[in-house]
Structure formats: structure tokens, C-alpha cells
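*Asks:* In UniProt numbering, the protein residues as written are 1 to 91.
One structure follows; several queries about it will come next.
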């Protein structure tokens, strides 16, 4: 339709909603990890559930699994350096 294929680049300047959601997630993760005041959001981020009973099936995808996959397990220490964290956001 209109001489365009699905492979043609979208030139409207509107960002993809998936990319926008990912960027907001990275910003929020950096914001929460830099907190030092012991708020509930930071406590929950550090919390590890007790082990003992394994659920059946595929392990659930956790909120921070995407960040760990992209950067590694030391991503919480990386957030303290804000320019370096922002450089990793675009990656």
C-alpha cells in the first residue's frame, strides 16, 4: 500500500512504545539504585525470596533480568556512576 513495504523505515519521528518502555525502565532502575534512604522500593529491589519450594515449569521473568542480561550482575554498582549508567542505557 502506498508503495511502502514493511521493511521501509518509519520516518514519522515517533519512538516505538517498546523502546520507550525499556528506556523508562532503565531510568527507574538507576533512580532506585542510587537511593540511600532505605525506602521500600530500594528494599524490595535487594530482597531475595526464601528458597525451598521449587515451582513447576519455566522460572518467572523478573524485573531486573533484562538489566542483568544486558550489563551483568554488578549493575547495581554501575548505577552509582550516573554518566556511565546513562551511556549503557542506549546500548
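For each residue, glycine too, the CB sits at the ideal point set by N, CA and C.
Report, in whole angstroms, the separation of the C-beta atoms of residue 79 and residue 22, which I expect to be a contact under 8 Å.
*Replies:* With 8 Å as the limit, residue 79 and residue 22 do not qualify as a contact, their Cβ atoms being about 16 Å apart.
*Asks:* Note down, one range per segment and in chain order, each alpha helix (DSSP H) of at least 4 residues found wholly within the stretch 6-70.
*Replies:* Here the runs fully enclosed are 17-33, 40-46 and 65-70.
*Asks:* Give the C-beta separation of residue 42 and residue 56 to the nearest angstrom, bearing in mind that I take them to be a contact with Cβ-Cβ under 8 Å.
*Replies:* With a Cβ gap of about 32 Å, residue 42 and residue 56 do not count as contacting.
*Asks:* To the nearest angstrom, how far is the alpha carbon of residue 46 from that of residue 69?
*Replies:* Distance between the alpha carbons of residue 46 and residue 69: 17 Å.
*Asks:* Is residue 88 helix, strand or coil when you go by DSSP?
*Replies:* Looking at residue 88 - three-state DSSP - the assignment turns out to be helix.
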